[in-house]
Amino acid sequence: MNLALAAAGTSVRAAAALSPRWGAAVAMPLFGHVAKPRPVHADDEATMLRARRQTVRIAGIDRRGVDVDTYEWGDGPRTVVLSHGWNGRASQFSALVRELRADGYRVVSFDAPAHGGSGGRHTYLVDWLDVFAALRERHGGFDAMVGHSFGGLATLVGVAGGIDAARVVTIAAPADADLLLSQFQGMLGYSGAVAASMRELFATRYFPGEPDPFAWLSGVRRPLPAGVPLLVAHDHGDRVVPFAEAGRVVAANPGAKLLATKGLGHNRILTDDAVLDAVLDHVRAPLAMRERDVVEAVPREKLSPVAA
Numbered sequence: 006m007n008l009a010l011a012a013a014g015t016s017v018r019a020a021a022a023l024s025p026r027w028g029a030a031v032a033m034p035l036f037g038h039v040a041k042p043r044p045v046h047a048d049d050e051a052t053m054l055r056a057r058r059q060t061v062r063i064a065g066i067d068r069r070g071v072d073v074d075t076y077e078w079g080d081g082p083r084t085v086v087l088s089h090g091w092n093g094r095a096s097q098f099s100a101l102v103r104e105l106r107a108d109g110y111r112v113v114s115f116d117a118p119a120h121g122g123s124g125g126r127h128t129y130l131v132d133w134l135d136v137f138a139a140l141r142e143r144h145g146g147f148d149a150m151v152g153h154s155f156g157g158l159a160t161l162v163g164v165a166g167g168i169d170a171a172r173v174v175t176i177a178a179p180a181d182a183d184l185l186l187s188q189f190q191g192m193l194g195y196s197g198a199v200a201a202s203m204r205e206l207f208a209t210r211y212f213p214g215e216p217d218p219f220a221w222l223s224g225v226r227r228p229l230p231a232g233v234p235l236l237v238a239h240d241h242g243d244r245v246v247p248f249a250e251a252g253r254v255v256a257a258n259p260g261a262k263l264l265a266t267k268g269l270g271h272n273r274i275l276t277d278d279a280v281l282d283a284v285l286d287h288v289r290a291p292l293a294m295r296e297r298d299v300v301e302a303v304p305r306e307k308l309s310p311v312a313a
């Protein structure tokens with residue numbers, strides 16, 4: 006544990022000694038805080054320089070507005086959206102970008118708020134959903150969406166909530182937001198009473214009027230629409246998101262395929278040849294010739310239910 010995290014945990018526990026609600030109030034701003042963006046890796050620089058760069062403006066977690074950097078490669082009729090995870094950035098997908106572009110796809114990615122080149126220092130899943138909605142307005146429906154880690158959870162939630170994607174791939178993704186809150190509690194070492202107050206505060210602040218936001222911030226309780234093929238890639242040795250999360254996602258989505266790897270961990274899985282081949286095969290595969298179930302699209306305010 007680094008010194009900053011240790012100090013944060015001490016502050017939360019000191020406040021919690023007075024009241025669990027006070028402890029939660031101290032912890033809440035830390036939950037959405039993002040560390041200084043990681044630099045673009047040298048191996049990814051050439052790919053990023055070839056991207057067509059634009060921005061989309063979304064409300065942001067504080068509803069004050071934030072510009073999000075977007076990247077686009079290729080000009081094919083089929084669009085694939087790539088969504089990075091917490092403390093990640095679009096450049097992590099460079100190897101996959103090159104493969105998809107060579108296959109004739111239009112590839113779109115972005116740096117979420119407080120990540121990469123985008124502004125801000127705080128964010129949460131609602132921002133990913135806002136970006137998906139903005140990209141949908143720009144490009145229409147997506148041939149596929151690929152999400153890594155936190156971005157994989159956001160992809161599951163977004164497509165379950167009405168974002169039009171014909172295929173989905175998650176890589177090293179958690180099954181729901183409950184895991185993230187549990188891991189945060191473990192890092193700061195606060196009590197179960199503070200954790201309960203934290204959940205209440207989280208729901209009240211970011212999802213006012215929603216009786217149970219954790220019901221839809223989940224790839225388990227809200228599976229993908231029927232007829233949307235899902236590939237779940239996860240490494241047995243992932244130390245960030247436990248491998249068991251992959252099993253939960255697969256079990257909740259009938260017909261989902263699991264690609265289990267060994268020795269790649271949480272990030273190197275993004276550049277492994279076997280994983281890249283599996284993603285390409287999944288994206289290329291024809292859709293089943295059957296009528297997809299009609300799913301009522303979730304209203305715009307449901308995709309980003311933070312009060313304006």
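Quick note on numbering: the sequence shown equals residues 6 to 313 in our numbering.
Glycine included, C-beta positions come from ideal geometry on N, C-alpha and C.
query: Validate contact between the region 201 to 212 and the region 263 to 275 using beta carbons, cut 8 Å, 3 pairs; result: no
query: Where Val102 sits in the DSSP three-state scheme; result: helix
query: Leu281, enclosing alpha helix (DSSP H) - first and last residue; result: 278 to 289
query: Beta-carbon gap between Asp169 and Arg141 smaller than 9 Å; result: yes
query: For Val71 and Tyr110, believed in contact at Cβ under 8 Å, the rounded distance; result: That belief does not hold up - the Cβ atoms of Tyr110 and Val71 are roughly 28 Å apart, past 8 Å.
query: Of the residues Gly121, His287, Tyr211, the one placed nearest Glu50, counting alpha carbons only; result: Gly121
query: Ala95 - partner residues in DSSP beta bridges; result: Partner(s): none; Ala95 has no beta bridge.
query: Pairwise C-alpha distance: Leu35 and Ala20; result: 14 Å
query: Proximity below 9 Å, CB of Val151 to CB of Phe115; result: no
query: Supposed close pair Ser16, Val31 - CB separation, criterion 8 Å; result: 6 Å
query: Run of the beta strand (DSSP E) containing His239, from where it starts to where it stops; result: 235 to 240
query: Proximity of Ala178 and Leu193 at Cβ, strictly below 9 Å; result: no
query: Residue burial classification, Gly146 (beta-carbon count within 10 angstroms, cutoff 16); result: exposed
query: Runs of beta strand (DSSP E) wholly within the region 185 to 258 (minimum 3 residues, chain order); result: 235 to 240
query: Between the CA atoms of Trp27 and Leu281 - distance to the nearest angstrom; result: 46 Å
query: Val233 beta carbon less than 9 Å from that of Thr175; result: no
query: With 16 other Cβ atoms within 10 Å as the buried cut-off, status of Ala11; result: exposed
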